[in-house]
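This note's numbering puts the first residue of the sequence shown at 1, with every later residue one more than the last. Here's the structure we're looking at; comments come further down.
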Amino acid sequence: MSLVTEIEQRLQVLKPLVCVCDDESHHHVGHAGNNGGGHYALLIVSEAFEGVSRIERQRMVNAPLQDLFPVQIHALSIRALSVAQWQELQQKDSK
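Written out as structure tokens, the structure is:
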């Protein structure tokens, strides 16, 4: 199983409407401090984020992935949105 798939599967505990993880490691090959572990970008949309601060959302996402840091995941960019925020973005994009 790929690490992207494992990340997405572990985050199912948040019951996401959308959960898309992209491996961006190829953008960071040769960077200083790159001692292994991948670079990933995550978009996750869940009702669990409703009324929750941005930092708490980050903690909620990081918790089920904790054992993957720093060996398998070196960096994780997280965009965690509530369903209401996601719907608002979808409406803006459709105009």
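Each residue gets a CB set at the ideal place from its N, CA and C atoms; glycine is no exception.
With a cutoff of 9 angstroms on beta-carbon distance, L76 and E6 are scored as not near each other. Contact annotation, P70 with R10: C-beta distance approximately 16 angstroms; criterion of less than 8 angstroms not satisfied.
Rounded to whole angstroms, the separation of the alpha carbons of I44 and P16 is 6 angstroms. Out of E8, D93, V18 and L81, the CA that lies nearest to the CA of E50 is found in L81. For A84, the enclosing alpha helix (DSSP H) stretches over residues V83 to S94. Per DSSP, L3 is one residue of the alpha helix (DSSP H) stretching across L3 to R10.
Among the bridge pairs identified by DSSP, G38 is matched with I73.
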